[in-house]
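Trainee: My questions all concern the structure below.
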Amino acid sequence: DTEVTQTPKHLVMGMTNKKSLKCEQHMGHRAMYWYKQKAKKPPELMFVYSYEKLSINESVPSRFSPECPNSSLLNLHLHALQPEDSALYLCASSQGWDRDNEQFFGPGTRLTVL
Amino acid sequence: ELKVEQNPLFLSMQEGKNYTIYCNYSTTSDRLYWYRQDPGKSLESLFVLLSNGAVKQEGRLMASLDTKARLSTLHITAAVHDLSATYFCAAPRVNSGNTPLVFGKGTRLSVIA
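So the sequence lines, in the order shown, correspond to chains A and B. Sequential numbering from 28 applies to the first sequence in this note's numbering. Sequential numbering from 6 applies to the second sequence in this note's numbering.
Structure (structure tokens):
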């Protein structure tokens, strides 16, 4: 199984809503990532979890709150978002540097904030 | 700070022609990754280049890595319409650990008849 799954595929939310994005992988990867991608731009890193611990936070606003409940799951909790947060949110996972650190991306959640 | 630059950013090719996309990166790395993205879709891993001189081929695409020049190329042979997509190269931020990738801006390829 070389798949990263993400739910939901699409999400529309108001600025006062609270929602969560979910990411799951069953490849035994110990690193998981959240990237944000705006239209016609490259993905930009938000967070890295390594062995279920947050290892990198790219100074992301606190209205984005990541969580890694176990080695297979990664959540991104959203609260009081702004319209400029509308983007494609991509989850990825990798085996680690001692392998090839190839990152496998999920299908993404397309988020629209009204 | 690692910077990854791709060129060209836009490429319109005729079917059957050959072309090369270039990816330069600013700090030492012995690894380089290529991804493809179709409109509205996620990123699909194309090539993982793990050492100087690495060359990989899949169908009409061939990627190579020159770590001394900090340059990777993606060569397209006899382009077909199905290759139309955005191609990203990416380098690891640091040479160890569970490191994130830094992406180039992407090359938007359009193959026309």
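Yeah, the Cβ is synthetic: ideal placement off N, Cα and C, and Gly gets one too.
Using CA atoms only, rank isn't needed, just tell me which of M59(A), C95(A), G41(A), Y116(A) is closest to P110(A).
Mentor: Residue G41(A) is the option with its Cα nearest to P110(A).
Trainee: With burial defined as no fewer than 16 other Cβ atoms inside 10 Å of the residue's Cβ, what is the status of G135(A): buried or exposed?
Mentor: Its Cβ being crowded by 16 or more others within 10 Å, G135(A) is buried.
Trainee: Using a Cβ-Cβ distance cut-off of 7 Å, determine whether G55(A) contacts chain B.
Mentor: No, because no Cβ of chain B sits closer than 7 Å to the Cβ of G55(A).
Trainee: For E71(A), report the span of its beta strand (DSSP E) as first-last.
Mentor: First-last of the beta strand (DSSP E) with E71(A): 71-77.
Trainee: Inspect the beta-carbon positions of Y38(B) and A95(B) and report whether they are closer than 7 Å.
Mentor: In this structure, A95(B) lies closer than 7 Å to Y38(B) by Cβ.
Trainee: Measure the Cβ-Cβ separation of S120(A) and Q33(A) and say whether it is below 7 Å.
Mentor: No. Outside cutoff.
Trainee: Nearest to M18(B) by CA position, among L88(B), F93(B), L55(B), is which residue?
Mentor: When only C-alpha atoms are compared, the closest one is L88(B).
Trainee: In chain A, what lies closer than 9 Å to V53(B) by C-beta?
Mentor: Neighbours of V53(B) on chain A, chain order: D127, N128, E129.
Trainee: Could you tell me whether the region 108-118 of chain B touches the region 60-74 of chain B, using the rule of 3 or more Cβ pairs below 8 Å?
Mentor: No: the two stretches stay apart, fewer than three of their Cβ pairs being nearer than 8 Å.
Trainee: Please classify Y78(A): is it buried, with 16 or more other beta-carbons within 10 angstroms of its beta-carbon, or exposed?
Mentor: By the neighbour-count rule (16 or more Cβ atoms within 10 Å), Y78(A) is not buried but exposed.
Trainee: Less than 7 Å between the C-beta atoms of P70(A) and Y76(A), yes or no?
Mentor: Taking 7 Å as the Cβ cut-off, P70(A) and Y76(A) do not qualify as a contacting pair.
Trainee: Does the beta carbon of P134(B) sit closer than 7 Å to a beta carbon anywhere in chain A?
Mentor: Nothing can be reported for residue 134(B): it is not among the residues displayed for chain B, which extend from 6 to 118.
Trainee: Taking CB distances under 7 Å as the criterion, tell me whether P96(A) reaches chain B.
Mentor: Not an interface residue.
Trainee: Taking 6 Å as the limit between beta carbons, can you name the residues of its chain near T25(B), skipping five residues before and five after?
Mentor: Same-chain partners within the cutoff: T78, H80.
Trainee: Along chain B, in chain order, which residues have C-beta atoms closer than 7 Å to that of L72(A)?
Mentor: What L72(A) touches in chain B: P105.
Trainee: Between the C-alpha atoms of P93(A) and L51(B), what's the straight-line distance to the nearest angstrom?
Mentor: P93(A) and L51(B): Cα-Cα distance of roughly 28 Å.
Trainee: Any C-beta of chain B sitting closer than 7 Å to the C-beta of P134(A)?
Mentor: For P134(A), the answer is yes, since a Cβ of chain B falls inside 7 Å of its Cβ.
Trainee: Here's the rule: buried if 16 or more other CB atoms are within 10 angstroms of the residue's CB, otherwise exposed. What is T104(B)?
Mentor: Under this definition T104(B) is a buried residue.
Trainee: Please name the residues in the region 90-121 of chain A whose beta-carbon is closer than 9 Å to at least one beta-carbon of chain B, in chain order.
Mentor: The residues in question are L115, L117, A119, S121.
Trainee: Hey, could you find the ends of the beta strand (DSSP E) L51(B) is sitting in?
Mentor: Run containing L51(B): 48-54, per the beta strand (DSSP E) assignment.
Trainee: Please state whether the Cβ-Cβ distance between M59(A) and L105(A) is less than 7 Å.
Mentor: No, the Cβ-Cβ distance between M59(A) and L105(A) is not below 7 Å.
Trainee: Please classify D43(B) as buried or exposed, where buried requires at least 16 other C-beta atoms within 10 Å of its C-beta.
Mentor: Per the 10 Å Cβ criterion, exposed.
Trainee: Considering only the alpha carbon of each residue, which of Y40(B), L55(B), S56(B), N57(B) lies closest to L66(B)?
Mentor: When only C-alpha atoms are compared, the closest one is Y40(B).
Trainee: For Q122(A), collect the residues of the same chain with a Cβ closer than 6 Å to its Cβ; drop the 5 residues on either side in sequence, then sort them by chain order.
Mentor: Excluding sequence neighbours, Q122(A) sits near H56.
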